[in-house]
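Below you'll find the structure, written out as structure tokens, and then a few comments.
There are 4 protein chains.
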Amino acid sequence: MARKSIGAQRNPESEKAILTAARELLAEEGLSGFSIEAVARRAHAGKPTIYRWWPDRTRLLLAVYSEFKEGMRSFDTGTLEGDVRAFLTNLFEFWRESPAGPVFKSILAESQSDPEASAAFAEYHHGRAARTAAAFARRGITDADAKLLTEMVVNYAWGQLLANRLDPGDAEIARVAGMLVRGVGR
Amino acid sequence: MARKSIGAQRNPESEKAILTAARELLAEEGLSGFSIEAVARRAHAGKPTIYRWWPDRTRLLLAVYSEFKEGMRSFDTGTLEGDVRAFLTNLFEFWRESPAGPVFKSILAESQSDPEASAAFAEYHHGRAARTAAAFARRGITDADAKLLTEMVVNYAWGQLLANRLDPGDAEIARVAGMLVRGVGR
Amino acid sequence: MARKSIGAQRNPESEKAILTAARELLAEEGLSGFSIEAVARRAHAGKPTIYRWWPDRTRLLLAVYSEFKEGMRSFDTGTLEGDVRAFLTNLFEFWRESPAGPVFKSILAESQSDPEASAAFAEYHHGRAARTAAAFARRGITDADAKLLTEMVVNYAWGQLLANRLDPGDAEIARVAGMLVRGVGR
Amino acid sequence: MARKSIGAQRNPESEKAILTAARELLAEEGLSGFSIEAVARRAHAGKPTIYRWWPDRTRLLLAVYSEFKEGMRSFDTGTLEGDVRAFLTNLFEFWRESPAGPVFKSILAESQSDPEASAAFAEYHHGRAARTAAAFARRGITDADAKLLTEMVVNYAWGQLLANRLDPGDAEIARVAGMLVRGVGR
DNA sequence: ATTTAAACGAGACGGTACGTCACGTCTTAGT
DNA sequence: ACTAAGACGTGACGTACCGTCTCGTTTAAAT
Chain A
98 MARKSIGAQR NPESEKAILT AARELLAEEG LSGFSIEAVA RRAHAGKPTI YRWWPDRTRL
158 LLAVYSEFKE GMRSFDTGTL EGDVRAFLTN LFEFWRESPA GPVFKSILAE SQSDPEASAA
218 FAEYHHGRAA RTAAAFARRG ITDADAKLLT EMVVNYAWGQ LLANRLDPGD AEIARVAGML
278 VRGVGR
Chain B
98 MARKSIGAQR NPESEKAILT AARELLAEEG LSGFSIEAVA RRAHAGKPTI YRWWPDRTRL
158 LLAVYSEFKE GMRSFDTGTL EGDVRAFLTN LFEFWRESPA GPVFKSILAE SQSDPEASAA
218 FAEYHHGRAA RTAAAFARRG ITDADAKLLT EMVVNYAWGQ LLANRLDPGD AEIARVAGML
278 VRGVGR
Chain C
98 MARKSIGAQR NPESEKAILT AARELLAEEG LSGFSIEAVA RRAHAGKPTI YRWWPDRTRL
158 LLAVYSEFKE GMRSFDTGTL EGDVRAFLTN LFEFWRESPA GPVFKSILAE SQSDPEASAA
218 FAEYHHGRAA RTAAAFARRG ITDADAKLLT EMVVNYAWGQ LLANRLDPGD AEIARVAGML
278 VRGVGR
Chain D
98 MARKSIGAQR NPESEKAILT AARELLAEEG LSGFSIEAVA RRAHAGKPTI YRWWPDRTRL
158 LLAVYSEFKE GMRSFDTGTL EGDVRAFLTN LFEFWRESPA GPVFKSILAE SQSDPEASAA
218 FAEYHHGRAA RTAAAFARRG ITDADAKLLT EMVVNYAWGQ LLANRLDPGD AEIARVAGML
278 VRGVGR
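Residue numbers (the numbering used here), protein chains in the order written: chain A, 98 to 283; chain B, 98 to 283; chain C, 98 to 283; chain D, 98 to 283.
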């Protein structure tokens, strides 16, 4: 039995079914199995319903990723170095143990051919980075230093993600955190 | 005028024309403008000629990518921080001013859906990183520090590439280099 | 300007444009100029639209052919010989002066490689022959004789079509009709 | 072991291998399985060897077809009706029990797109018809009647071939022969 | 006896068409 | 207004053959 309209308003069941189908497709078949047609088929949704809410394939990808947003634990270890370590540990664990890793990589790949995806991704990235930088700034470094530190930490994490090295070990993380925090001054 | 067969053997002119067309397309229009059809049109080649030698779009991409292997200048400024700055400056310039940047990004994107592309990319990346680390090690840091430094520098550069920020300015580069070198000790 | 979808239903304009383009191509360039690509180009239609409704080139050919089903005038001259003459005269004129001749020949050619085309053609042929036989039977011959007469008349006509002799002249037609009618008895 | 050149002259083994491969392909797979590539593969011949001796696919088809020229038995039953029956019986048997039927149909199909095939076919057809008419004329009918009779007989046979009804039965053949002979006078 | 000439197999070449897939847009019919 | 459904034009995918071309080999005929 098909889902029907519930009147002049967005049907949350449809949204949920679409996002679920999208997430499962990415997890099961990777980026190449992820197409609007396939999502529509699996979610028993009409293509226009998808396009109405997500302007293109990339935005749907971003939406799937955002669902994981809240999957990450926050951190407050008391020291800057501890925070950096916690951030990295959490992030790698998150990428390893949820479908978030593949999804994130897919977004990155998509961004290379789609300027809008690139912009959307940049915007999302910017927001997250700002929050991370704010967290680091609590430890008494300048905003500029916090931003730079964030950039280095995040770029390091991306590099590991893209190279499929999501389990660097605590020692490696500690070395990286130590190096960056030392570099940022004091 | 038209390229013809030179017998029962691969015609190097065709190969060259196809690789050139592929490289130019990537540089001019990015990954989304890169299709076998478009390459065939620009190279004045038949599609079967391309498929005869490169089994699919990804492999042609990898072939283009291999052509850039030795495109970067070396550096020797006398100090570690100077070397890091030179490395970054050279790399950003190389990415900005040759078709290498777009091609690299395309490979990276493609790697996310194609395991073979991923492996080829990882191998290439590993080799380049080793050479860079060796250059940094000349400045009197341990090999482990040189490797870590390289990783951070390279990941920073990749992050900028992926974010389309290939012209960070000397000041930014100096800040990054300073921070990383300070972090590495001394 | 361009034809668009009219919803989840077949667009009759597209169907018409495709059939028209197909018919014209056959008339202008013959069977060798008739390809799905060429039809799509001329009809300003997408290939998938054609394949959605006609599973292959042969079936599109058959569809064009069916359009001529009712193109022939009937006849009632009062005598059997007159009817045979009228049938042949009409048929040759129809084949000469409409695109039906080339289309019919194309179907026939296609039937030699495609069993489905062959079956469809046989069915069509059978129906037409039955109606022609019924017309002849009005002149007081047995049904068996009417069928045989029809078969001979039609095969003669096909032979002339295949041999590109569509204008045999009234005298030749009279000779053929006379011979066949005499043969059928009385 | 491959066939080699035997010097600056046509290698009859190659010619034979090519014609055999072509005939077998037509018999086994019909016109749609008949391609220069397939013939070359089966005959272990190079494509240029084929194109050297037969300018195109159609001419190779015609060459295969000519091989059957003399495959038919002659007839002399003593009566005109007997001769017509014998002609038809022989012809249907020939078409049924040799690869000639499929080959003839293929030629016919090809003739619809290739004017040269059409001309060659017409010429062959004309010659055979003349000989058949001469045989009929021995029974004391005028040349004009013999030609007309031949035309009707042959067109009937072609009709049966094209409709895949190559085994009409003796009774049907007798009816046809009787009708035509009666029509021709006497 | 050596050279020349042409046929041979092989297979690459630039093309055209095939039939399939997904894109993003559009309209319908129903809730 | 929003839904599922599905048609539309576009254009790339990877494959099959087309007819042409050149390669390197082989061998008979002409020197």
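Glycine included, C-beta positions come from ideal geometry on N, C-alpha and C.
In its chain, beyond the 5 residues on either side, A214, S215 and F218 have a beta carbon closer than 7 Å to the beta carbon of S208 of chain B. Under the rule that a run must span 4 or more residues, the alpha helix (DSSP H) segments found entirely inside the stretch 179-245 of chain A read 197-210 and 212-234.
Short of 6 Å from the beta carbon of Y162 of chain B, and not among the five residues preceding or following it, lie these beta carbons of its own chain, in chain order: V200 and I204.
Here G282 of chain C really is in contact with I238 of chain C; their C-beta atoms are around 7 Å apart, less than 8 Å. Taking the Cα positions, G143 of chain A is about 6 Å away from A137 of chain A. For G266 of chain B, the uninterrupted alpha helix (DSSP H) run begins and ends at G266 to V281, by DSSP. Not one beta carbon of chain B lies nearer than 8 Å to the beta carbon of W192 of chain A.
Nearest Cα to S210 of chain D within the set C:A105, C:L123, C:P212 and C:S171: C:L123. Just measuring C-alpha positions, the residue of C:E112, C:E164 and C:P196 sitting nearest H141 of chain C is C:E112.
At a cut-off of 8 Å between beta-carbon atoms, K202 of chain A makes contact with chain B. Proximity of V181 of chain A to chain B, defined by a Cβ-Cβ separation below 8 Å, is not satisfied. Residue contact check for L157 of chain C against chain D: no CB pair falls below 8 Å. Taking A206 of chain B as the centre and dropping the five residues before and after it, the same chain places the C-beta of L128 closer than 7 Å to its C-beta, in chain order. The beta carbon of G179 of chain A is closer than 7 Å to none in its chain, skipping five residues each way along the sequence. For the C-beta of N108 of chain A, not a single chain B residue is nearer than 8 Å; the gap to the nearest is close to 32 Å. Counting only Cβ-Cβ distances below 8 Å, L245 of chain A has contacts in chain B at R272, V273 and M276, in chain order.
Taking a contact to require three or more Cβ pairs closer than 8 Å, the stretch 227-234 of chain A and the stretch 144-157 of chain A do not qualify as touching. DSSP places R139 of chain A inside the alpha helix (DSSP H), whose first and last residues are I133 to A140. In the three-state reduction of the DSSP assignment, P145 of chain D falls in the helix class, which pools H, G and I. Only those residues of the stretch 230-257 of chain D whose C-beta falls short of 9 Å from the nearest C-beta of chain C are listed: A241, D242, L245, L246, E248, M249, V251, N252, Y253, A254, W255, G256 and Q257. The three-state reading of DSSP puts P109 of chain B in helix, counting H, G and I together. One thing to note: A226 of chain A has its Cβ within 8 Å of the Cβ of V251 of chain A. One Cα belongs to A271 of chain A, the other to A197 of chain A, and the distance between them is close to 23 Å. Using a Cβ-Cβ distance cut-off of 8 Å, the stretch 246-261 of chain D and the stretch 244-263 of chain C are in contact, since at least three pairs of beta carbons, one from each stretch, lie closer than that value. Chain B has no Cβ within less than 8 Å of the Cβ of S171 of chain A. Straight-line spacing of the CA atoms in E121 of chain D and T146 of chain D works out to 19 Å. Of all alpha-carbon atoms in C:F165, C:M249, C:L259 and C:D173, the one lying nearest the alpha-carbon of L277 of chain D is that of C:M249. Taking 8 Å as the cut-off, the Cβ atoms of L188 of chain C and V273 of chain C do not count as close. In the structure shown, W151 of chain C falls within a coil segment according to DSSP collapsed to helix, strand and coil.
In chain order, N187 place their CB closer than 6 Å to the CB of R170 of chain C, counting only its own chain and leaving out the 5 sequence neighbours on each side.
Taking 8 Å as the cut-off, the beta carbon of R193 of chain C is found closer than this to the beta carbon of L263 of chain C. L116 of chain D carries a helical assignment under DSSP once its states are collapsed to helix, strand and coil. A268 of chain A is classed as exposed because its beta carbon has fewer than 16 other beta carbons within 10 Å across all chains shown. From the beta-carbon of N187 of chain D, no residue of chain C is found nearer than 8 Å; the closest lies around 18 Å away.
Contacts with chain C at 8 Å (Cβ-Cβ) include L205 of chain D.
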